[in-house]
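Each remark here refers to the structure printed beneath this line.
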DNA sequence: AAGCGTGCCGAACAACGTTCGGGATCTCTC
DNA sequence: GAGAGATCCCGAACGTTGTTCGGCACGCTT
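Protein chains in written order, with the working numbering: chain A, 3 to 165; chain B, 3 to 165.
So this is what it looks like as structure tokens:
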């Protein structure tokens, strides 16, 4: 066997095709998946199981209309932190990701230290979030908001060539 | 019946619970889902079907380890465009989202006009992307890269309170 | 109080998930 | 170059699930 560290068995074409299909529709039956790929259901099942075990497939998630969750305003918030110490970064990240409005937190290189992806009910709630939650924190030196007007995103990523 | 416009029937608690569960694990069986919520499978199936039909549930997607797709470097690229006309914005957005390295494109308010979420094999490929694909375009006035060092993200979003 | 609409349930059958034994192919080893 | 071993895939079979449908109960309307 191979250890717990990064995929010893590399992805072959069948694996790629399975991953592609499951990114497109994670709720299709194993039989449909197998049919689509031209292999036996039992083979397909085993492949999928291995992909999960190897950590290539991390989970399956429903994509939900943000409006149905009362999230009609979306923004990216860039922040600068002081002092920029490891403990400060870690605790800031951990605290932010727990807040319901926060969808993702990125520690980045550049003028600013953090990029925070946020959704809220409306502009008022976004503002309240910034004032009451973010600028309240002592480590926040400055922050800057980028409201999202439009967006486009992919739901399935192809495998990039090795070289 | 209700028209095709935004959800006439509002989400009740059961709908919220279903949505929550399917965000957590989109590939569980309908029976498991029903068991978890304490309702009959037939009821559960009908609810899920309606949520899809109403557009609340948009799809089901597998979450894949980026490294398995040869995407080991992640960045946000902010760009300024000129002239900032509707046609320029639309065509830039459409062109970018087609590129394999681009995961998402956001049209934002602020100093910069676009925020582009990108993943590439490594720093060299990211650089090549910036030079060959992005700055090649005539409408790009300036751009700025924020490499992602760390990140944390949610896979399931709760419904925010109405008020 | 009767009638109607809505939402949920349970039974039933077709379809599916999952296991397992076996066969084909490939790779070492001698 | 023949045999042993490992690997991968398949198909059959059985338990489980998906999906449909008729009916019941509850709440609203008139």
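Every residue gets a Cβ at the ideal spot worked out from N, C-alpha and C, and that includes glycine.
Using three-state DSSP, classify residue i as helix, strand or coil.
i, result
"residue 19 (chain A)", "helix"
"residue 60 (chain B)", "strand"
"residue 53 (chain B)", "helix"
"residue 97 (chain A)", "helix"
"residue 89 (chain B)", "helix"
"residue 4 (chain B)", "With a pLDDT of only 44 at residue 4 (chain B), under the threshold of 50, the placement of this residue in the model should not be trusted; the figure read from the coordinates follows. The answer is coil: DSSP assigns residue 4 (chain B) none of H, G, I, E or B."
"residue 160 (chain A)", "coil"
What are the boundary residues of the alpha helix (DSSP H) that residue i is part of?
i, result
"residue 33 (chain B)", "32-39"
"residue 12 (chain A)", "Element bounds for residue 12 (chain A): n/a, residue is neither H nor E."
"residue 125 (chain B)", "125-130"
How far does the beta strand (DSSP E) with residue i in it reach, from first residue to last?
i, result
"residue 83 (chain B)", "75-83"
"residue 145 (chain A)", "142-155"
"residue 122 (chain A)", "116-122"
"residue 108 (chain A)", "104-110"
Establish whether the CB of residue i and some CB of chain A are separated by less than 8 Å.
i, result
"residue 153 (chain B)", "yes"
"residue 57 (chain B)", "yes"
"residue 11 (chain B)", "no"
"residue 5 (chain B)", "In this prediction, residue 5 (chain B) scores a pLDDT of 39, lower than 50, which makes its location untrustworthy; the coordinate-derived value is nonetheless stated afterwards. With 8 Å as the cut-off, residue 5 (chain B) does not count as an interface residue toward chain A."
"residue 43 (chain B)", "no"
"residue 140 (chain B)", "no"
"residue 97 (chain B)", "no"
"residue 120 (chain B)", "no"
"residue 8 (chain B)", "Because the pLDDT at residue 8 (chain B) is just 41, under 50, the model does not fix this residue reliably, and the point stays unresolved."
"residue 112 (chain B)", "yes"
"residue 90 (chain B)", "no"
"residue 160 (chain B)", "yes"
"residue 133 (chain B)", "no"
"residue 24 (chain B)", "yes"
Who are the Cβ neighbours of residue i in its own chain at under 6 Å, not counting the five residues just before and after it?
i, result
"residue 144 (chain A)", "82"
Any beta carbon of chain B sitting closer than 8 Å to that of residue i?
i, result
"residue 150 (chain A)", "yes"
"residue 87 (chain A)", "no"
"residue 14 (chain A)", "no"
"residue 117 (chain A)", "yes"
"residue 75 (chain A)", "no"
Leaving out five residues before and five after residue i in sequence, what residues of the same chain have Cβ atoms less than 7 Å from its Cβ?
i, result
"residue 125 (chain B)", "75"
"residue 6 (chain B)", "With a pLDDT of 39 at residue 6 (chain B), under the threshold of 50, the modelled position of this residue cannot be trusted, and the question is left open."
"residue 117 (chain A)", "78, 80, 108 and 110"
Apart from the five residues just before and just after residue i, which ones in its own chain have a Cβ nearer than 8 Å to its Cβ?
i, result
"residue 2 (chain B)", "Here chain B comprises residues numbered 3 to 165, so residue 2 (chain B) is not present and cannot be evaluated."
"residue 166 (chain B)", "Missing from the structure shown is residue 166 (chain B); chain B here goes from 3 to 165 and no further."
"residue 17 (chain A)", "49, 53 and 58"
"residue 39 (chain A)", "16, 19, 20, 23 and 46"
"residue 154 (chain B)", "none"
| query | If we count Cβ pairs, one from each stretch, closer than 8 Å, do we get three or more for the stretch 42-62 of chain A versus the stretch 98-115 of chain A? | reply | No, because fewer than three Cβ pairs between the stretch 42-62 of chain A and the stretch 98-115 of chain A fall closer than 8 Å, the two stretches do not touch.
| query | Quick one: any contact between the stretch 144-161 of chain B and the stretch 101-115 of chain A, if contact means 3 or more CB pairs under 8 Å? | reply | The count of Cβ pairs closer than 8 Å, one atom from the stretch 144-161 of chain B and one from the stretch 101-115 of chain A, reaches three, so the stretches are in contact.
| task | Decide yes or no for the touch test of the stretch 63-79 of chain B against the stretch 24-34 of chain A: beta carbon pairs closer than 8 Å, at least 3 of them. | result | Enough Cβ pairs lie closer than 8 Å, so yes.
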